[in-house]
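K.L.:
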Amino acid sequence: MIIHKMKCMLAMLTFTVSLLSACGNEPLVSQPSSMPKATSETAPATSDNSNDATKQSKASSSDEINWDKVNDPLIDDPMSNKLKKAIDAIVSKDIEQFHQSIDTGMGTAHDYLLDNTMTFTHIDTALKEGKRVLVPVHGQLTVAGDTAEKEAVYTFYFEKDPQDQWKIIMID
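FYI, the numbering for the sequence shown is -22 to -1, 1 to 150, going by mature numbering (1 follows the signal peptide of the UniProt record, and there is no 0).
(1) Ends of the beta strand (DSSP E) at P114?
(2) Per the DSSP calculation, A130 is bridged to which residue(s)?
(3) For the putative contact between L119 and A130, defined by C-beta atoms under 8 Å, what is the C-beta separation to the nearest angstrom?
(4) Label M96 either buried or exposed according to how many other C-beta atoms from any shown protein chain fall within 10 Å of its C-beta, with 16 as the threshold for buried.
(5) Which residue comes first and which comes last in the alpha helix (DSSP H) that contains L105?
(6) Touch check for the segment 73 to 85 and the segment 97 to 117: three-plus C-beta pairs under 8 Å?
(7) Alpha carbon to alpha carbon, what distance is there between I(-21) and E4?
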C-alpha cells in the first residue's frame, strides 16, 4: 500500500514538473496589431536628390513609423537619424549599411537580425540607464521559415563615444 502511494506521488510529481517545464517555454502571446501591414517592397532610389532619399526612407519598411511624431526628450536628431539608418538596414537586410549604423565593437553579433522580416511600427518612450539611452521600437516580426507574424520589440542601446556622438552599442 505504501509503495502504491509512493508510485502515485512520484507519477504526480513527474507530471507536475513536466507540465511546468512545458509551460515555461511558451512564448508570450500578444494581441495582434491593428496597424496595417506593409504589402510590397520598394526599389532603391536611383537619384542622389535629397527628396528622393527622403522618399526612399519613407518607402522602406520603417515607413510605418511616423518619424515626425517622435517627440521624446531623450531622442535627439542625431540619435533619430542613426536609429533610422539601423532600422532601414534591418528592413532592407543590407548588412553593410547595418554595420555602418552600429558600433564597430558589436562586430557581427547582431547580424542574425537581418535573417528575419521585421516591419517596424512605432517607437516607445526612451529610457535613460546611466550613460545609456534605451529606445524600444515595436513591430511585426516574421521569423525565417515561419509564416506567422508576432509582435516584437527591438531595444536599441545608445551611448555617446569620446567625440560626443551617439552610437548603437547593443540591440536586444
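Glycine included, C-beta positions come from ideal geometry on N, C-alpha and C.
P.N.:
A quick look at the data gives this:
(1) R110 to T120
(2) G117
(3) In this structure, L119 and A130 form a Cβ contact; the two beta carbons are roughly 4 Å apart against a cut-off of 8 Å.
(4) buried
(5) First-last for L105: L105 to E107, but that is the beta strand (DSSP E), not the alpha helix (DSSP H).
(6) no
(7) Caution is warranted here: a pLDDT of 40 is assigned to E4, below 50, making its placement in the model unreliable, and the coordinate value is therefore given only provisionally. In a straight line, the C-alpha of E4 is about 37 Å away from that of I(-21).
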